[in-house]
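Heads up: the structure comes next, in structure tokens.
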Amino acid sequence: MIRTRILPILTVVAAIIAVWYAFAVVLNAPFERSAAERAGETISFTEIVPRTMGQQRPVLPAPHQVAVEIWETTAEKSITSKRSLIYHAWVTLSATLLGFMMGTALGILLAVGIVHSRVLDKSMMPWVITSQTIPILALAPMIIVVFNSVGVTGLLPKALISTYLSFFPVAVGMVKGLRSPETMHMDLMHTYSANRSQTFWKLRWPSSVPFLFTSMKIGIAASLVGAIVGELPTGAVAGLGARLLAGSYYGQTVQIWSALLVAAILAGLLVGLIGWIGGWLNRRMGVREARA
Amino acid sequence: MSGNSVISTSALDLVFETNDGPVHALSDITLDIRKGEFVSLIGPSGCGKTTLLRVIADLEHPTGGTITVNGISPHEARLKRAYGYVFQAAALFPWRTIADNVGLPLEVMGLDRAERDARVTENLELVDLAGFEKKFPWQLSGGMQQRASIARALAVQPDMLLMDEPFGALDEIVRDHLNVQLLKLWAATHKTIVFVTHSIPEAVFLSTKIVVMSPRPGRIHEVIDCDLGDDRPLEVRETPEFLKIAHQVREGLAAGHAYD
Ligand SMILES: Nc1ncnc2c1ncn2[C@@H]1O[C@H](COP(=O)(O)OP(=O)(O)OP(=O)(O)O)[C@@H](O)[C@H]1O
Ligand SMILES: [Mg+2]
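Protein chains in written order, with our numbering: chain A, 44 to 335; chain B, 3 to 262.
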């Protein structure tokens, strides 16, 4: 277990951190050089290296700077504080989860309609696909502004952007999943003269569960992106997106990178959680484990 | 059409329209199967055995001729759940336990829990699978899975069983064993059974009537009566009567093939 799973992960993480440090040095060095030049000094490379890792507004903050910032804004701040990253992460997470649930429900409903109706199959699918060709960065401000103008602010507009991004993978995955039963199983239900709803609940739905979880993993990551993007256009005061925005206004690169990292960790946790639930459900449904 | 005929077809025709042109799967099939008969369909691959069985089961629709099942159309017979169908593969749902798989048709029929449980227990006992209720399909061998699928077909309590090479994927030892069990079941219940097979000994051992079919277009070459008595131990396969009928079937198959 430790050897086969933890070790490779740690190796990759160590490699990423090493590369990160190297880039931090390279990218932050010019600032130190010109500072030294202005002061009329000449500094050697060995003098530059430590300085590149302690700048106030580095081009690329060093990993430990980001780690310290995350520590200070999570563990050392009360959760209700506006400076707590946990508070901001929660704001984004709540929009993500709400949007994801609505997106999943919408995606499943669409898939059920598409699988059961030829007309919907022909008429809906092109729209579903077209909807995803509109760049979300163009659409998000419009959604936020339109809702703001009718007095709806905060959670819901952001969640709707998450919905918009997450319904698509779920719809596509579920259409595939609901169509995945073998012909023989469909024939079997036919010999029982099962009606559509019986065939759906006893065959199509259970067959589609693995597809559902695979597409929900993509959906939740997309939801998180949607919620963050939804926080950008209005200059929201709370959420990971707001932290990114504020950070870039004031050139607080350390703050930007810690928000980014927290978002990435959050995405990883969410995807992992869904994968875990999917695996648990699979085992409960008696499906043979891959390495039983 | 005799009074107790269960399946009756006349000049049945079925043409599949495919991208490579029409495929004449069944041609001029006239066949009468009476109540309690064990009828085997035998013939080379592609001669329309499965197609004929599927027409009886209302899974395929003939393009010509007439067919009645229990005196009514196959469609009506299906709605009345006149038959149990056993596929070549067990076709168990992997997410259901063996008991729940056997209970599946009963759920569809809307039977209550107690009735379902009783029928599941009874039919699993019948196929020697008592004690495996809580197992999932992958935990059972191929032969056990196929037995579970037979229990599932029997749970409906149909008067008729349609079986499409149910033992085709099993080894000979398991196959012999299941043949004996099937024969016992048939002798005890006298259900009408239509049985598709590739195996001459299997057909002769089980049947009261063997329908030899030939391909392109799929048609009936010969119908051979075959009655080795109700009590048939496996050893009956070494008797002269058995070998005579087997020989007759083999000749029929060879002659049917010689057409093309
Ligand atoms: N759904 C279908 N569409 C088109 N052609 C089909 C279809 N089903 C069967 N056929 C064709 O009809 C013919 C008869 O097929 P069928 O499956 O009934 O043969 P079979 O006797 O059961 O063969 P086997 O012993 O290999 O199972 C074959 O030529 C087959 O290709
Ligand atoms: Mg066949």
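Glycine is no exception: its CB is placed at the ideal position from the N, C-alpha and C atoms.
Is the CB of residue i under 8 Å away from at least one CB in chain B?
i: Lys245 (chain A); result: yes
i: Gly329 (chain A); result: yes
i: Pro249 (chain A); result: yes
i: Gln99 (chain A); result: no
i: Gln298 (chain A); result: no
i: Gln108 (chain A); result: no
i: Gln295 (chain A); result: no
i: Gln175 (chain A); result: no
i: Arg326 (chain A); result: no
i: Phe256 (chain A); result: no
Report whether the distance from the Cβ of residue i to the nearest heavy atom of ligand 1 is below 7 Å.
i: Gly258 (chain B); result: no
i: Gly66 (chain B); result: no
i: Cys49 (chain B); result: yes
i: Ala27 (chain B); result: yes
i: Thr52 (chain B); result: yes
i: Thr20 (chain B); result: yes
i: Gly254 (chain B); result: no
i: Gly220 (chain B); result: yes
i: Gly262 (chain A); result: no
i: Gly45 (chain B); result: yes
With 8 Å as the threshold, decide whether the Cβ of residue i is near any Cβ in chain A.
i: Leu61 (chain B); result: yes
i: Leu55 (chain B); result: no
i: Val110 (chain B); result: yes
i: Ala93 (chain B); result: yes
i: Trp97 (chain B); result: yes
i: Pro107 (chain B); result: yes
i: Arg252 (chain B); result: no
i: Arg149 (chain B); result: no
i: Phe138 (chain B); result: yes
Taking 7 Å as the cut-off, is the beta-carbon of residue i closer than that to any non-hydrogen atom of ligand 2?
i: Thr199 (chain B); result: no
i: Asp166 (chain B); result: yes
Please name the residue or residues paired with residue i in a DSSP beta bridge.
i: Arg36 (chain B); result: B:Ser7
i: Phe18 (chain B); result: B:Val25
i: Glu243 (chain B); result: DSSP, once it has assigned bridges, lists no residue as partnering Glu243 (chain B).
i: Asp1 (chain B); result: Any question about residue 1 (chain B) goes unanswered here, given that chain B covers just 3 to 262.
i: Gly142 (chain A); result: DSSP lists no partner for Gly142 (chain A).
i: Asp227 (chain B); result: B:Lys211
i: Leu2 (chain B); result: Within the shown structure, residues of chain B are numbered from 3 to 262, placing residue 2 (chain B) beyond reach of any answer.
i: Arg234 (chain B); result: Partner(s): none; Arg234 (chain B) has no beta bridge.
i: Gly66 (chain B); result: B:Asp15
i: Arg267 (chain B); result: Since the first residue shown for chain B is 3 and the last is 262, residue 267 (chain B) is missing from the structure and cannot be characterised.
i: Val71 (chain B); result: B:Ile9 and B:Ile74
i: Leu50 (chain A); result: Its beta-bridge partners do not exist; DSSP assigns none.
i: Arg41 (chain B); result: Sequence check: residue 41 (chain B) is Val here, not Arg. Paired residue(s): B:Val196 and B:Lys211.
i: Ile31 (chain B); result: B:Leu14
Practice problem: Say whether the segment 73-81 of chain B touches the segment 128-141 of chain B, bearing in mind that this needs 3 or more beta-carbon pairs closer than 8 Å, one atom from each stretch. | Solution: Flag = no, the segment 73-81 of chain B and the segment 128-141 of chain B do not touch.
Quiz item: Are the segment 7-20 of chain B and the segment 32-41 of chain B touching, with three or more C-beta to C-beta distances below 8 Å?
Solution: The answer is yes - the segment 32-41 of chain B touches the segment 7-20 of chain B, with three or more Cβ pairs under 8 Å.
Practice problem: Would you be able to state if there are at least three C-beta pairs under 8 Å between the segment 252-259 of chain B and the segment 41-50 of chain B? | Solution: They touch, by the three-pair rule.
Self-check item: Under 7 Å (Cβ pairs) to chain B, residues found in the segment 216-239 of chain A
Solution: Against chain B - using a Cβ distance shorter than 7 Å - the residues of the segment 216-239 of chain A are Met227, His228, Asp230, Leu231, His233, Thr234, Tyr235, Ser236 and Ala237.
Practice problem: State whether the segment 186-202 of chain A contacts the segment 128-144 of chain A, with contact taken as three or more CB pairs (one from each stretch) at a distance under 8 Å. | Solution: Contact between the segment 186-202 of chain A and the segment 128-144 of chain A is present, with at least three C-beta pairs closer than 8 Å.
Quiz item: Do three or more CB pairs link the segment 208-228 of chain A to the segment 145-157 of chain A at distances below 8 Å?
Solution: Yes, since at least three Cβ pairs between the segment 208-228 of chain A and the segment 145-157 of chain A fall closer than 8 Å, the two stretches touch.
Quiz item: What are the residues of the segment 207-233 of chain B that lie near chain A, defined by any Cβ-Cβ distance shorter than 7 Å?
Solution: The residues in question: there are none.
Exercise. Mind checking the segment 117-133 of chain B against chain A and listing, in chain order, the residues whose C-beta falls within less than 8 Å of any C-beta there?
Key: Interface annotation for the segment 117-133 of chain B against chain A: empty, criterion Cβ-Cβ distance under 8 Å.
Exercise. Spell out a yes or no on whether the segment 224-233 of chain A and the segment 97-104 of chain A are touching, meaning 3 or more CB-CB pairs, one atom from each, closer than 8 Å.
Key: A contact is defined here as three or more CB-CB pairs under 8 Å, and the segment 224-233 of chain A fails this definition with respect to the segment 97-104 of chain A.
Quiz item: Quick one: any contact between the segment 191-200 of chain B and the segment 154-164 of chain B, if contact means 3 or more CB pairs under 8 Å?
Solution: The segment 191-200 of chain B is in contact with the segment 154-164 of chain B.
Exercise. Residues of the segment 65-90 of chain B with a CB closer than 7 Å to any CB of chain A: list them in chain order, please.
Key: Here the close residues are Arg80, Leu81, Arg83, Tyr87 and Phe89.
Quiz item: If we count Cβ pairs, one from each stretch, closer than 8 Å, do we get three or more for the segment 184-194 of chain B versus the segment 212-221 of chain B?
Solution: Two segments are said to touch when three or more pairs of C-beta atoms, one from each, lie closer than 8 Å; by this definition the segment 184-194 of chain B does not touch the segment 212-221 of chain B.
Quiz item: Should the segment 156-169 of chain A be called in touch with the segment 314-322 of chain A, which here means at least 3 C-beta pairs below 8 Å?
Solution: Judged by Cβ distances under 8 Å, the segment 156-169 of chain A makes no contact with the segment 314-322 of chain A, as fewer than three pairs qualify.
Quiz item: Taking three-plus beta-carbon pairs below 8 Å as touching, is the segment 271-290 of chain A in contact with the segment 105-113 of chain A?
Solution: They do not touch, by the three-pair rule.
Quiz prompt | the segment 258-273 of chain A contacting the segment 130-139 of chain A, beta-carbon criterion three pairs below 8 Å | solution = The segment 258-273 of chain A, when compared against the segment 130-139 of chain A, does touch it at the 8 Å Cβ threshold.
Quiz item: Taking one C-beta from the segment 148-160 of chain B and one from the segment 59-66 of chain B each time, how about it: are there three or more such pairs within less than 8 Å?
Solution: No, the segment 148-160 of chain B does not touch the segment 59-66 of chain B.
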